[in-house]
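Q:
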Amino acid sequence: GAGVSQTPSNKVTEKGKYVELRCDPISGHTALYWYRQSLGQGPEFLIYFQGTGAADDSGLPNDRFFAVRPEGSVSTLKIQRTERGDSAVYLCASSTGPAGGTDTQYFGPGTRLTVL
Amino acid sequence: EDKVVQSPLSLVVHEGDTVTLNCSYEVTNFRSLLWYKQEKKAPTFLFMLTSSGIEKKSGRLSSILDKKELSSILNITATQTGDSAIYLCAEAGGTSYGKLTFGQGTILTVHP
């Protein structure tokens with residue numbers, strides 16, 4: 720079956736621009752997660768959706784970052800006024816959820832964001 | 006704050022060698038520990054260990070959870086060049102039911 724898909728695979732933008740990153744979870748998965756991975760580091764949690772609502776957005780670094788999941792399936796991560804420090808691979812994952820931390824998260828291939 | 010530390014950070018071996026990767030964690034409310042393999046961008050799931058399942062095995066890979074020592078190991082026997090990857094350890098715990106806290110990863114390189 721189809722796994723988690725993310726688009727675009729690569730995004731190059733200029734400092735100050737607005738970007739949107741899209742995630743399509745595995746069909747039927749109610750939980751969706753966004754992580755950010757900088758070079759040489761493990762993924763860092765950003766936000767977690769259960770259905771349409773953000774159950775935990777404690778990892779969003781500041782108010783330039785926002786994510787939505789209006790119909791409980793596809794999610795979009797939005798970054799305003801991009802900065803060079805936002806350059807990273809943005810990973811999306813989904814799981815059957817909610818299982819109290821014992822449901823496996825399956826990851827997509829990520830979007831590599833480069834801010835010039 | 007939850008914390009996961011992996012060691013070594015990198016490892017170079019030859020085909021046929023056996024390797025052991027280490028992961029230690031600090032968490033207030035442990036629920037599970039996961040191992041992932043990352044070759045290009047997408048981490049692929051290997052194992053999940055919980056209080057009710059502290060040992061897992063799949064082919065040449067196996068993993069054990071030591072809840073007393075707050076650690077886990079990932080063993081790979083008879084390594085192959087295709088095992089070359091970054092191996093990530095993550096724990097699910099604390100007050101968030103969705104958040105995984107990852108370690109920095111171990112870069113494994115297997116030479117022919």
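Chains A and B are the protein sequences, given in the same order. Using the numbering used here, read the first sequence as starting at 720 and increasing by one per residue. Using the numbering used here, read the second sequence as starting at 6 and increasing by one per residue. All C-beta atoms in this analysis are idealised placements derived from N, C-alpha and C, irrespective of residue type, glycine included. Model, not experiment: these values are computed from the prediction.
By the criterion of Cβ-Cβ separation under 8 Å, what are the contact partners of Lys61 (chain B) in chain A?
A: Going along chain A, no residue has its Cβ under 8 Å from Lys61 (chain B), so there is no contact; the nearest lies around 12 Å.
Q: Rounded to whole angstroms, what's the CA-CA distance from Glu20 (chain B) to Arg800 (chain A)? Just pull it up for me.
A: If you take the alpha carbons of Glu20 (chain B) and Arg800 (chain A), they lie about 48 Å apart.
Q: Which residue or residues does DSSP assign as beta-bridge partners of Phe50 (chain B)?
A: Note: Phe50 (chain B) sits in a beta bridge opposite B:Tyr41.
Q: List the residues of chain A whose Cβ lies closer than 7 Å to the Cβ of Thr55 (chain B), in chain order.
A: By Cβ distance, chain A contributes Thr821.
Q: Which residue's Cα is closest to the Cα of Gly761 (chain A): A:Ile745, A:Asp776 and A:Ala807?
A: Closest option to Gly761 (chain A), Cα to Cα, is A:Ala807.
Q: Check whether the region 745–755 of chain A touches the region 787–797 of chain A, taking contact to mean three or more Cβ pairs, one atom from each stretch, closer than 8 Å.
A: Yes, they touch.
Q: Compare the beta carbon distance of Glu802 (chain A) and Lys734 (chain A) with 8 Å and say whether it is the shorter of the two.
A: Yes, Cβ-Cβ distance for Glu802 (chain A) and Lys734 (chain A) is below 8 Å.
Q: Give the C-beta separation of Val731 (chain A) and Cys811 (chain A) to the nearest angstrom, bearing in mind that I take them to be a contact with Cβ-Cβ under 8 Å.
A: That pair is no contact at about 19 Å.
Q: Closer than 8 Å between beta carbons: that is the criterion. Which residues of the region 778–794 of chain A meet it against chain B?
A: Under the 8 Å Cβ criterion, the region 778–794 of chain A contributes Gly778.
Q: So with Cβ pairs under 8 Å, would you call Val850 (chain A) a contact of chain B?
A: What the structure shows of chain A is the stretch from 720 to 835, and residue 850 (chain A) is not part of that stretch, so it cannot be assessed.
Q: Determine, for Leu93 (chain B), whether the minimum Cβ-Cβ distance to residues of chain A falls below 8 Å.
A: Interface residue, yes.
Q: Could you work out which residues of chain D lie near Asp776 (chain A), taking near to mean beta carbons separated by less than 9 Å?
A: In summary, chain D is missing from the structure at hand, where the protein chains are A and B.
Q: Output needed for Leu51 (chain B): all residues of its chain with C-beta closer than 7 Å, excluding positions within five of it in sequence on either side, in chain order.
A: For Leu51 (chain B), where only same-chain residues beyond five positions count, the Cβ hits under 7 Å are Trp40, Tyr41, Lys42 and Leu66.
Q: Can the beta-carbon of Leu149 (chain B) be found closer than 8 Å to that of Glu31 (chain B)?
A: Any answer about residue 149 (chain B) is impossible in this case: the structure gives chain B only from 6 up to 117.
Q: By Cβ distance, which residues of its chain are closer than 8 Å to Pro48 (chain B), with the 5 residues on each side in sequence left out?
A: Closer than 8 Å at the Cβ level, and outside the excluded window around Pro48 (chain B), lie Tyr41, Lys42 and Leu93.
Q: With a threshold of 8 Å between beta carbons, is Pro13 (chain B) in contact with chain A?
A: By this cut-off, Pro13 (chain B) is not an interface position.
Q: Drop a sphere of 10 angstroms on the beta-carbon of Leu835 (chain A), count the other beta-carbons inside from all chains shown, and report buried for 16 or more, exposed for fewer.
A: Looking at its Cβ environment, which holds fewer than 16 other Cβ atoms inside 10 Å, Leu835 (chain A) is exposed.
Q: Quick check on this structure: which residue in B:Gln109, B:Ser101 and B:Lys62 has the alpha carbon closest to the alpha carbon of Thr82 (chain B)?
A: With distances taken between Cα atoms, Thr82 (chain B) lies closest to B:Lys62.
Q: Ile798 (chain A) and Arg783 (chain A): beta carbons closer than 8 Å?
A: Yes, these two residues count as a Cβ contact at 8 Å.
Q: Please name the residue, chosen from B:Thr100, B:Leu79, B:Thr114 and B:Ile112, that lies closest to Asp7 (chain B) on a Cα-to-Cα basis.
A: When each option's Cα is compared against that of Asp7 (chain B), the closest is B:Thr100.
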